[in-house]
DNA sequence: ACCGTACTGGACCATCGGTCCACTTGTCGA
DNA sequence: TCGACAAGTGGACCGATGGTCCAGTACGGT
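As structure tokens, then:
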């Protein structure tokens, strides 16, 4: 990709922002691509031209949201960034993730539900990063455990229906505490 | 409901068995109601007449699978039934659930993905039972924790994509161990 | 100013869950 | 045994949705 035309860039931002806005007000499965296009003031073809598919849109949006978090984790100050103990970093990271999810209630669920019948082989990069980070932190403190699996189990909660309902009721703090309980229990 | 005609009963069993069979070979979202009808040798109208909706079918199937487990938990011998310590019962129950899920790979996922746009207010009875049981066992041993939330988090893993892939590769034992680790960690 | 190319939009398509209804078949009282 | 009625059946049909297509538009380098 050499360059992006200014109108294309404008439409891209409009689509992302419209998706974000719709997703904050409705459940992910209720948000149709046509709605997104209408809300962004473009045609449906444009949406698909830029993002390829519903899943592509969700991935792009999630990526935008999670980019800042990634920087903080890799080069930012403790406790999120390097420097603190794995335990502190894990708790801080879980809080940060809950915060991102809480402000974009249905996003992860929307991602989780797109299952990619044929293509889209690998996982979305955001999930890969989150999973990898959590997994590393667990392994650093408890090398005897199956860290990758435990990381999957911790993240699984964020995609589950009952938890989503919790978030819709605004009980993010409760979820955060629950995840902290789990994480602390794992690390012993 | 006073009685069920014999042909209706036969078709009902045929539909359930066909669904089961399709679900064991394909991912849940790839199994259409038309396929189910064709595989059962009936018309689509019949399927909907008996089960109301895709979700109704899944619930009925799941209920059939989980009924035995419920009896074992409520009146069976320890460690699943009453008599053992909450800790032992929880570990045994998690193993039993993993076993059920493992032999019906996509079922819970299929249930989790039907989100009921408008109606279907409450949760499926099977989930309610599983969640209630786990929640009680946690609360019995650790009244200081948020047992209902932790139960949701434990069960969430069974609906998540990465875990499903694990099961498709046959690593049920690994999942079982991971859940045991989590449960043991929670109980302290 | 011009031209090629990327971008645009909305008509169009295939598929899926679900509805409808004319027809068939079990069941039960007489 | 038989008739009638309710329960059951099946497949044409519907509306919605994700995704495709392509003729037209407009940006941006020259």
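Chains as they are written, first to last, in the numbering used here: chain A, 1 to 188; chain B, 189 to 376.
Glycine included, every Cβ here is placed at the ideal spot set by N, Cα and C.
Please read all numbers here as calculations on a predicted model, not as lab measurements.
Span of the alpha helix (DSSP H) around residue 323 of chain B:
Unbroken alpha helix (DSSP H) run through residue 323 of chain B: 313–329.
Should residue 348 of chain B be flagged as near chain A, meaning a C-beta pair shorter than 8 angstroms?
Residue contact with chain A for residue 348 of chain B: present (Cβ-Cβ distance below 8 angstroms to some residue of chain A).
Do you know offhand how far residue 206 of chain B's Cα is from residue 272 of chain B's?
Note on geometry: alpha-carbon atoms of residue 206 of chain B and residue 272 of chain B lie some 38 angstroms from one another.
Consider the Cβ of residue 118 of chain A: report whether some Cβ of chain B lies at a distance smaller than 8 angstroms.
No answer about residue 118 of chain A holds up, because its pLDDT of 36 lies below 50 and its placement is not dependable.
Do residue 98 of chain A and residue 172 of chain A have their CB atoms nearer than 8 angstroms?
With respect to the 8 angstroms criterion, residue 98 of chain A and residue 172 of chain A are classified as neighbours on the basis of their beta carbons.
Quick one: any contact between the stretch 326–345 of chain B and the stretch 159–168 of chain A, if contact means 3 or more CB pairs under 8 angstroms?
Yes, they touch.
In whole angstroms, what separates the C-alpha of residue 179 of chain A from that of residue 6 of chain A?
Using only the alpha carbons, I get a separation of about 43 angstroms.
So which residues on chain A does residue 351 of chain B lean against when the C-beta distance must stay under 8 angstroms?
At a C-beta separation below 8 angstroms, residue 351 of chain B has these neighbours in chain A: 152, 153 and 156.
Below 8 angstroms, how does it come out for the stretch 238–246 of chain B and the stretch 254–264 of chain B: are there three or more Cβ pairs, yes or no?
By the criterion of at least three beta-carbon pairs nearer than 8 angstroms, the stretch 238–246 of chain B is not in contact with the stretch 254–264 of chain B.
Taking a Cβ distance cut-off of 8 angstroms, strictly less, list which residues of the stretch 171–186 of chain A are near chain B, in chain order.
Listed by position, the residues of the stretch 171–186 of chain A near chain B (Cβ gap below 8 angstroms) are 174, 175, 177, 178, 179, 181, 182, 185 and 186.
For residue 187 of chain A, name the three-state secondary structure that DSSP assigns.
In the structure shown, residue 187 of chain A sits in a helix (DSSP, three-state: H, G or I).
Once DSSP output is grouped into helix, strand and coil, what is the label at residue 267 of chain B?
Annotated three-state conformation of residue 267 of chain B is coil, per DSSP.
Got a sec? Which residues, its chain only, sit under 7 angstroms from residue 232 of chain B by beta carbon, not counting five neighbours each side?
Hits under 7 angstroms: 221, 222 and 225.
To which residues does DSSP link residue 132 of chain B through a beta bridge?
Residue 132 of chain B lies beyond the range of chain B shown here (189 to 376); nothing can be said about it.
Under the rule that 16 or more other beta-carbon atoms within 10 Å means buried, what is residue 24 of chain A, buried or exposed?
By the beta-carbon neighbour count (other beta carbons within 10 angstroms, threshold 16), residue 24 of chain A is exposed.
Just to make sure I have the definition right: I need the residues of chain B whose C-beta is within less than 9 angstroms of the C-beta of residue 146 of chain A. Which are they?
The answer, in chain order, is 362, 365, 366 and 369.
For residue 66 of chain A, tell me which candidate among A:126, A:14 and A:131 has the shortest Cα-Cα distance.
Of the listed residues, the one whose Cα sits closest to residue 66 of chain A is A:126.
Please confirm whether residue 309 of chain B has its beta-carbon closer than 8 angstroms to some beta-carbon of chain A.
Low per-residue confidence applies at residue 309 of chain B: pLDDT is 41, beneath 50, and the placement is therefore not dependable, though the value from the model is reported in the following sentence. Residue contact check for residue 309 of chain B against chain A: no CB pair falls below 8 angstroms.
Between A:132, A:12, A:92 and A:42, which lies nearest to residue 147 of chain A when the distance is taken from Cα to Cα?
Looking at the Cα atoms, A:132 is the closest of the given residues.
Output the distance between the C-alpha atoms of residue 197 of chain B and residue 203 of chain B, rounded to the nearest integer angstrom.
Approximately 10 angstroms, taken between the alpha carbons.
Measuring alpha carbon to alpha carbon, tell me which of B:235, B:284 and B:376 ends up nearest residue 327 of chain B.
Nearest C-alpha to residue 327 of chain B: B:376.
Could you give the C-beta distance for residue 141 of chain A and residue 86 of chain A, rounded to a whole number, given that I count them as a contact under 8 angstroms?
For a cut-off of 8 angstroms, the C-beta gap from residue 141 of chain A to residue 86 of chain A is around 5 angstroms, short enough to register as a contact.
What does the Cβ neighbour count give for residue 331 of chain B, buried or exposed, with the cut at 16 atoms within 10 Å?
Classification for residue 331 of chain B: exposed.
Alpha-carbon spacing of residue 282 of chain B relative to residue 39 of chain A, whole angstroms
Those two C-alpha atoms are separated by around 45 angstroms.
Taking only three categories from DSSP, how would you classify residue 160 of chain A?
DSSP, reduced to helix, strand and coil, places residue 160 of chain A outside both helices and strands of the structure shown, so it counts as coil.
How would you call residue 82 of chain A, buried or exposed, if buried means at least 16 neighbouring beta carbons within 10 angstroms?
Burial call: exposed.
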